[in-house]
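Trainee: Its first residue numbered 53, the sequence shown is counted upward by one per residue in our numbering.
Submitted below is the structure of interest, expressed as structure tokens.
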Amino acid sequence: MENTKIVKKGNRIGLLDELRGLAILCMVVYHTMFLLGMFGVNIPLMSSTAMNITRDIFAGMFIFISGCMCRFSHNNLKRGAICFFCGMIITFVVPFFVDATIVFGILHFLGISMLIYGLCGTVFEKLPAWVGIIICSLLAVCTWNIDMGYFGIPGAFQIGIPSEAYNAGVLFPFGIYNSSFQSWDYFPLLPWFFVFIGGSYFGEWAKNGSLPKFFYPVHIKWLAAVGRHTIWIYLLHIPIIFLILNIIF
Numbered sequence: 053m054e055n056t057k058i059v060k061k062g063n064r065i066g067l068l069d070e071l072r073g074l075a076i077l078c079m080v081v082y083h084t085m086f087l088l089g090m091f092g093v094n095i096p097l098m099s100s101t102a103m104n105i106t107r108d109i110f111a112g113m114f115i116f117i118s119g120c121m122c123r124f125s126h127n128n129l130k131r132g133a134i135c136f137f138c139g140m141i142i143t144f145v146v147p148f149f150v151d152a153t154i155v156f157g158i159l160h161f162l163g164i165s166m167l168i169y170g171l172c173g174t175v176f177e178k179l180p181a182w183v184g185i186i187i188c189s190l191l192a193v194c195t196w197n198i199d200m201g202y203f204g205i206p207g208a209f210q211i212g213i214p215s216e217a218y219n220a221g222v223l224f225p226f227g228i229y230n231s232s233f234q235s236w237d238y239f240p241l242l243p244w245f246f247v248f249i250g251g252s253y254f255g256e257w258a259k260n261g262s263l264p265k266f267f268y269p270v271h272i273k274w275l276a277a278v279g280r281h282t283i284w285i286y287l288l289h290i291p292i293i294f295l296i297l298n299i300i301f
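Structure, rendered in structure tokens:
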């Protein structure tokens with residue numbers, strides 16, 4: 053009962069805000085390193101396997117927590133529309149700062165995912181949380197290599213996807229694209245949508261006060277504050293970093 057009261061009063065989960073804040077700060081560091089490379093600073097770590105794995109872990113954590121928040125939102129359709137609109141702003145603005153494009157970045161992805169949840173949330177919520185998490189985990193694993201031309205698990209089963217689908221040029225929101233597709237920031241619906249929806253089921257436990265007590269209070273105030281303003285940080289950090297690097301170099 054104590055945890056439930058905390059959730060109702062603040063409508064926030066302290067630890068989740070802090071983890072989201074950590075994830076967005078790590079993203080800022082990653083983008084700073086990327087921009088340094090565009091200014092001629094060689095950072096070998098950027099092309100390493102370890103960096104790719106670390107990037108996916110923190111991105112997945114951010115997406116998972118965003119899915120959690122769907123359970124707390126009063127209007128996921130509005131939330132999704134705003135997020136997608138912000139993503140489109142970035143699509144048009146980024147080429148003015150760097151020689152890159154963002155076609156279906158994380159804000160586009162989150163916006164679409166929130167809109168889908170806003171339309172179909174009552175369907176998703178019919179499943180018990182533990183069942184939803186298991187199903188989403190399996191589907192995320194099965195679609196993880198969708199860009200490699202198949203659905204399935206290596207060594208277990210693989211269902212090939214026709215090459216025509218990859219050459220169509222319009223299925224990139226689903227992770228199906230060919231070598232001509234380019235996007236600096238890219239988070240397709242497959243497999244990431246299942247991470248998002250898996251987070252929504254975890255959010256049911258969070259909202260019901262079923263998680264351990266240490267999830268609910270704020271432990272690091274400034275980090276939780278960062279986690280509550282991630283969309284503004286995402287929108288502003290690239291222009292600010294670019295201008296600072298321009299001044300330095």
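Cβ coordinates follow ideal geometry from the N, Cα and C atoms, glycine included.
Computed from a predicted model, the values in this text were never measured in an experiment.
Among the candidates R123, G157, N128, M121, whose CA atom is the shortest distance from the CA of C138?
Mentor: Residue G157 is the option with its Cα nearest to C138.
Trainee: Measure from the alpha carbon of F233 to the alpha carbon of each residue in L241, F239, P240, F224, then state which is nearest.
Mentor: Cα-wise, what sits closest to F233 is F224.
Trainee: Per DSSP, which residues does Q210 bridge with? Please list them.
Mentor: In the DSSP output, where bridge partners are listed per residue, Q210 has G204.
Trainee: Can you tell me whether F91 is helix, strand or coil according to DSSP?
Mentor: Residue state, collapsed to three classes: coil.
Trainee: A276 to L74, Cα distance in whole Å?
Mentor: Those two C-alpha atoms are separated by around 9 Å.
Trainee: Let me make sure I understand the geometry here. Which of F161, D151, F110 has the alpha-carbon closest to that of C135?
Mentor: Residue F161 is the option with its Cα nearest to C135.
Trainee: F245: buried (16+ other C-beta within 10 angstroms of its C-beta) or exposed?
Mentor: When all chains shown are included, F245 counts as buried.
Trainee: Counting C-beta neighbours from all protein chains within 10 Å, is the total for T56 16 or more, i.e. buried, or is it exposed?
Mentor: Here T56 scores only 41 on pLDDT, less than 50, and its place in the model should not be relied on; the value that follows carries that caveat. Per the 10 Å Cβ criterion, exposed.
Trainee: Over the uninterrupted alpha helix (DSSP H) stretch that includes R131, give me the two end residues.
Mentor: 128-145 is the extent of the alpha helix (DSSP H) around R131.
Trainee: Is F114 helix, strand or coil when you go by DSSP?
Mentor: Three-state result, F114: helix.
Trainee: Would you say Y238 and I228 are within 8 Å of each other, going by their C-beta atoms?
Mentor: No.
Trainee: For the pair the region 264-276 and the region 199-216, tell me if three or more CB-CB distances fall below 8 Å.
Mentor: No, because fewer than three Cβ pairs between the region 264-276 and the region 199-216 fall closer than 8 Å, the two stretches do not touch.
Trainee: Would you list the one or two residues that DSSP bridges to Y238?
Mentor: Beta-bridge pairing links Y238 to F156.
Trainee: Anyone know if the C-beta pair for G250 and I198 falls short of 8 Å?
Mentor: No, these two residues do not count as a Cβ contact at 8 Å.
Trainee: Is it buried or exposed, M200, if we count other Cβ atoms within 10 angstroms and call 16 or more buried?
Mentor: By the 10 Å Cβ count, M200 comes out exposed.
Trainee: Rounded to whole angstroms, how far is the Cβ of G119 from the Cβ of L167, which I believe are closer than 8 Å?
Mentor: G119 to L167, Cβ: 13 Å. No contact.
Trainee: Following the continuous alpha helix (DSSP H) through H289, name the residue where it begins and the one where it ends.
Mentor: H289 -> alpha helix (DSSP H) spans 282-300.
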